[in-house]
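*Asks:*
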Amino acid sequence: MINGVLLDLAGVIYDGEVAVPGATEAVRRLRDAGLPIRFVSNTTRSTKPAVLDRLTRLGLSVAPDEVFTPAEAARQWLAEHGRSPHLLVHPNLVQEFDDLTRRLPKAVVVGDAGEAFDYRALNAAFRELIAGAELLALAPNRTFKDSDGKLSLDAGAFVTGLEFASQKSAIVLGKPSQPFFRSALATINCPDAQAVMVGDDAETDVAGALQAGLAQALLVRTGKYREGDEKRFEPTPTATVRDISEAVDWIIDARKR
Numbered sequence: 701m702i703n704g705v706l707l708d709l710a711g712v713i714y715d716g717e718v719a720v721p722g723a724t725e726a727v728r729r730l731r732d733a734g735l736p737i738r739f740v741s742n743t744t745r746s747t748k749p750a751v752l753d754r755l756t757r758l759g760l761s762v763a764p765d766e767v768f769t770p771a772e773a774a775r776q777w778l779a780e781h782g783r784s785p786h787l788l789v790h791p792n793l794v795q796e797f798d799d800l801t802r803r804l805p806k807a808v809v810v811g812d813a814g815e816a817f818d819y820r821a822l823n824a825a826f827r828e829l830i831a832g833a834e835l836l837a838l839a840p841n842r843t844f845k846d847s848d849g850k851l852s853l854d855a856g857a858f859v860t861g862l863e864f865a866s867q868k869s870a871i872v873l874g875k876p877s878q879p880f881f882r883s884a885l886a887t888i889n890c891p892d893a894q895a896v897m898v899g900d901d902a903e904t905d906v907a908g909a910l911q912a913g914l915a916q917a918l919l920v921r922t923g924k925y926r927e928g929d930e931k932r933f934e935p936t937p938t939a940t941v942r943d944i945s946e947a948v949d950w951i952i953d954a955r956k957r
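Okay, structure coming up:
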């Protein structure tokens with residue numbers, strides 16, 4: 701039985717500033733079927749209000765509590781552990797942390813900083829880590845689909861470099877972190893075994909969801925998907941489908957079985 705759906709955003713619902721063909725209608729069909737939805741994104745270049753604004757411009761009506769981002773998880777972690785952020789993130793995301801105190805012990809927060817990943821910034825983060833700061837990875841993704849349609853390095857490579865240099869292990873806050881998936885499902889009272897994840901990243905979206913205990917995870921051939929991705933990571937997808945429209949067909953059919 702499927703009683704909840706988690707959807708990735710970039711590569712599944714939209715591609716840059718354009719909706720994936722059929723995505724708006726696919727989300728409407730899930731709602732019409734009475735399935736609660738949560739959007740779980742590893743985006744670390746945009747604030748949550750910016751993500752919501754993009755969805756609105758694409759014709760999707762999405763409430764703030766339906767969207768889960770790693771920056772939100774980081775803020776919660778910092779508050780719970782009495783830490784202040786040393787940021788190594790994209791300039792667009794800095795405002796998410798503007799209101800947090802800087803007087804507490806530090807945690808280095810790493811996201812996709814883009815061009816801000818230079819030696820000076822990385823070395824400053826490294827020095828905080830060897831001085832006692834924790835290492836928080838907003839997301840460990842290897843790649844993302846860039847505006848030119850090609851794959852570019854994501855934050856994962858830089859997180860791994862800081863782990864190697866500092867001999868510290870990162871605390872991952874976005875996908876594939878089990879608490880990230882489960883916090884989204886908790887808001888719709890959906891057990892792991894009754895949930896399905898739809899994503900374009902075979903590692904963090906699909907294998908991550910299955911490792912977290914979700915019953916099923918579908919890989920779409922849009923976004924960052926490349927031929928053979930469905931065989932690269934374990935566990936492998938429950939199914940590999942053309943796009944979000946075909947994923948919704950699969951989910952609705954599965955509920956009838």
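Each residue of the sequence shown is one higher than the one before, starting from 701 at the first, in the working numbering.
From the three backbone atoms N, C-alpha and C, an ideal C-beta is built for every residue, glycine too.
The model shown is predicted, which means the values in this text are computed figures rather than measured ones.
1. Between the beta-carbon of histidine 786 and the beta-carbon of alanine 839, is there less than 8 Å?
2. Here's the rule: buried if 16 or more other CB atoms are within 10 angstroms of the residue's CB, otherwise exposed. What is aspartate 799?
3. Which runs of the beta strand (DSSP E), 3 residues or longer, sit entirely within the region 733 to 772?
4. Please report the straight-line C-alpha distance between leucine 709 and isoleucine 944, rounded to a whole angstrom.
5. Any heavy atom of the ligand NAD closer than 7 Å to the beta-carbon of leucine 851?
6. Could you tell me the boundaries of the beta strand (DSSP E) in which serine 784 lies?
7. Look up isoleucine 871 in the DSSP assignment and give the residues it is bridged to.
8. Can you grab the Cα-Cα spacing for the pair alanine 947 / glycine 928, in whole Å?
9. At the level of alpha carbons, what is the spacing between serine 746 and aspartate 949?
10. Can you find at least 3 beta carbon pairs, one from the region 907 to 918 and one from the region 859 to 867, that sit closer than 8 Å?
11. Determine the extent of the beta strand (DSSP E) in which alanine 917 is found, giving its start and end residues.
12. Determine the contact status of phenylalanine 881 and leucine 914, defining contact as a CB-CB distance below 8 Å.
13. Just to confirm the assignment, what range does the alpha helix (DSSP H) spanning leucine 910 have?
14. Taking the alpha-carbon positions, what's the leucine 735 to glutamine 867 distance?
15. Out of Thr887, Ile713, Glu934 and Arg926, which has the shortest C-alpha to C-alpha gap to arginine 728?
16. From valine 872 to alanine 719, what does the alpha carbon distance come to, in whole angstroms?
17. Should lysine 875 be labelled buried (16 or more other beta-carbon atoms within 10 Å of its own) or exposed?
18. DSSP puts lysine 924 in a beta bridge; with which residues?
*Replies:* In this structure, then:
1. Position 86 of the sequence shown holds residue 786. Position 139 of the sequence shown holds residue 839. No. Outside cutoff.
2. As a position in the sequence shown, residue 799 is number 99, starting the count at 1. Looking at its Cβ environment, which holds fewer than 16 other Cβ atoms inside 10 Å, aspartate 799 is exposed.
3. Counting only runs of 3 or more, we get 737 to 740.
4. As a working mapping, residue 709 is identified with position 9 in the sequence shown. As a working mapping, residue 944 is identified with position 244 in the sequence shown. Taking the straight line from one Cα to the other gives about 10 Å.
5. In the structure shown, the ligand NAD is absent, as is every other ligand, since no ligand is present at all.
6. On the sequence shown, position 84 is the one that residue 784 refers to. Here the beta strand (DSSP E) through serine 784 covers 784 to 788.
7. Against the sequence shown, residue 871 aligns to sequence position 171. Answer is Leu836, bridged to isoleucine 871.
8. Counting from 1 along the sequence shown, the entry for residue 947 is found at position 247. Counting from 1 along the sequence shown, the entry for residue 928 is found at position 228. Looking at the two C-alpha atoms, the distance is approximately 18 Å.
9. Taking the sequence shown and counting its residues from 1, one reaches residue 746 at position 46. Taking the sequence shown and counting its residues from 1, one reaches residue 949 at position 249. Looking at the two C-alpha atoms, the distance is approximately 30 Å.
10. Verdict: no, contact absent.
11. Along the sequence shown, read from residue 1 onward, the residue named residue 917 stands at position 217. From DSSP, the beta strand (DSSP E) with alanine 917 extends over 916 to 920.
12. Within the sequence shown, numbered from 1, the residue matching residue 881 stands at position 181. Within the sequence shown, numbered from 1, the residue matching residue 914 stands at position 214. For phenylalanine 881 and leucine 914, yes; Cβs fall inside 8 Å.
13. In the sequence shown, counting from the first residue as 1, residue 910 sits at position 210. Boundaries of the alpha helix (DSSP H) around leucine 910: 908 to 911.
14. On the sequence shown, position 35 is the one that residue 735 refers to. On the sequence shown, position 167 is the one that residue 867 refers to. Linking leucine 735 to glutamine 867 through their CA atoms gives a straight-line distance of about 44 Å.
15. As a working note, residue 728 is residue 28 in the sequence shown. That would be Ile713, whose Cα lies nearest to the Cα of arginine 728.
16. Within the sequence shown, residue 872 is the residue found at index 172, counting from 1. Within the sequence shown, residue 719 is the residue found at index 19, counting from 1. Each residue's Cα considered, the two are about 28 Å apart.
17. The residue you call residue 875 lines up with position 175 of the sequence shown. By the Cβ neighbour-count rule, lysine 875 is buried, with 16 or more other Cβ atoms within 10 Å of its own.
18. Counting from one through the sequence shown, the residue named residue 924 turns up at place 224. When beta bridges are read from the DSSP output, lysine 924 appears opposite no residue.
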